[in-house]
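*Asks:* Just so we're aligned: the sequence shown equals residues 1 to 283 in my numbering.
Every residue, glycine too, gets a C-beta built ideally from N, C-alpha and C.
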Amino acid sequence: MKQLIDKAEVLIEALPYIRRFYDETIVIKYGGHAMTDAELRASFAVDVVLLKYIGLKPVIVHGGGPQIGRILERLGIESTFVEGRRVTDDQTMDVVEMVLGGTVNREIVALIQRGGGRAIGLTGNDGAMIQVTRKVLGGRDLGRVGHVERVDPAPIRAVAEAGFVPVIAPLGIDEAGLTYNVNADEAAGAVAQALEARKLILLTDVEGVKGVGGKLLSRLSAEEARELIAEGVIEGGMIPKVECCLEALEGGVERTHVVDGRILHAVLLEIFTDGGVGTLITP
1 MKQLIDKAEV LIEALPYIRR FYDETIVIKY GGHAMTDAEL RASFAVDVVL LKYIGLKPVI
61 VHGGGPQIGR ILERLGIEST FVEGRRVTDD QTMDVVEMVL GGTVNREIVA LIQRGGGRAI
121 GLTGNDGAMI QVTRKVLGGR DLGRVGHVER VDPAPIRAVA EAGFVPVIAP LGIDEAGLTY
181 NVNADEAAGA VAQALEARKL ILLTDVEGVK GVGGKLLSRL SAEEARELIA EGVIEGGMIP
241 KVECCLEALE GGVERTHVVD GRILHAVLLE IFTDGGVGTL ITP
């Protein structure tokens, strides 16, 4: 009986959040360890299906860097990175498009459908949905790596309104019709802004954003986050993730989250519990 009561208490704790986010769009960037571990993959799929069935509107934007890396290595194509971004020549782009728009996207769609939901895969060049220009980083041309200029939300909304979960591969298209590789965090942030999403959730392979002394910060304001970046407390690969959150907040997204995707049901725990399992960044 105690266990049953505990389950009821969990549902009661979730109720205010279910009410608050009912019929709201939640954009989730799916990547890292959560994509490679079988138990975490199943956990993520259940999370997404549950969100859909209780009235939220989940939209998935996925990565695929490790999968791309494995195929490139198998083909004997060397990978070069600049500040964490893969330099993408034409040969590499063929692999990126095949892996992101094909293999990985279809696997995630199948995963959600095995979990009891319905999903449709999209890529950013479907309907010229994610429009980009060529990205230059630190004065270096990264090849076919795109900087998001605009997202047309119409294809995503059409899929969601038809009752499906949109699963988006981070590819973009320029004015000449050329396809580009887009950083998944950047794509997710731009999609969240275009959809006027209530939340943007970035699944990562770390606990969240850490402050002085390596202590996990459960909540940050945008101003505090900028100060921690300036002071060098937030550093390395966490900087672009936090900056992605800050840009999304400036673009009208109400709340952004950096969440540890290595935890089972991390998405549900972050949205529907008082404590959460990552870092909430607010305006």
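Give me the Cβ distance between His33 and Arg262, rounded to the nearest whole Å; I'm assuming they're in contact under 8 Å.
*Replies:* Right, their Cβ atoms sit about 5 Å apart.
*Asks:* Buried or exposed: Lys7, going by 16 or more other Cβ atoms within 10 Å of its Cβ?
*Replies:* With fewer than 16 other Cβ atoms within 10 Å, it is exposed.
*Asks:* Pull up the CB-CB distance for Gly101 and Ala169, whole angstroms please, since I reckon it's below 8 Å.
*Replies:* Confirmed, Cβ separation roughly 5 Å.
*Asks:* Checking the sheet assignment: what are the DSSP bridge partners for Ala119?
*Replies:* DSSP output for Ala119 lists Val165 as bridge partner(s).
*Asks:* Would the beta-carbon of Ala187 fall within 7 Å of that of Ile112?
*Replies:* Not in contact: Ala187 and Ile112 (Cβ atoms no closer than 7 Å).
*Asks:* Got a sec? Which residues, its chain only, sit under 6 Å from Gly191 by beta carbon, not counting five neighbours each side?
*Replies:* In the sequence on display, residue 191 carries Val and not Gly. Same-chain partners within the cutoff: Val27, Val61, Val151.
*Asks:* From what residue to what residue does the beta strand (DSSP E) around Pro58 run?
*Replies:* Residues 57–62.
*Asks:* To which residues of the same chain is Ala194 closer than 6 Å at the C-beta, ignoring the five residues directly before and after it?
*Replies:* Once the five neighbours on either side are set aside, the close Cβ partners of Ala194 are Val151, Pro153.
*Asks:* Could you check the C-alpha separation between Gly64 and Gln91 for me, to the nearest Å?
*Replies:* Going from the Cα of Gly64 to the Cα of Gln91 covers about 17 Å.
*Asks:* Is Arg134 helix, strand or coil by DSSP?
*Replies:* Strand, per DSSP.
*Asks:* Terminal residues of the continuous beta strand (DSSP E) containing Arg286?
*Replies:* The first residue shown for the chain is 1 and the last is 283, placing residue 286 beyond what the model contains.
*Asks:* Once DSSP output is grouped into helix, strand and coil, what is the label at Ile26?
*Replies:* Residue state, collapsed to three classes: strand.
*Asks:* Measuring only between beta-carbons, confirm whether Glu78 sits less than 7 Å from chain D.
*Replies:* No chain D appears in the structure shown, which is made up of a single protein chain.
*Asks:* Our contact map puts Gly237 next to Asp260 with C-beta atoms below 8 Å; I'd like the distance itself, whole angstroms only.
*Replies:* Gly237 to Asp260, Cβ: 14 Å. No contact.
*Asks:* Roughly how far, in whole angstroms, is the beta-carbon of Leu40 from the beta-carbon of Leu264, given that I think they are within contact range, below 8 Å?
*Replies:* Sure, about 7 Å apart at Cβ, within 8 Å.
*Asks:* Note the first and the last residue of the continuous beta strand (DSSP E) segment covering Asp47.
*Replies:* Note, Asp47: premise wrong, no beta strand (DSSP E); alpha helix (DSSP H) at 38–53.
*Asks:* Spatial neighbours of Leu75 within its chain, please: C-beta separation below 8 Å, excluding the five flanking residues on both sides.
*Replies:* Correct list, in chain order: Val95.
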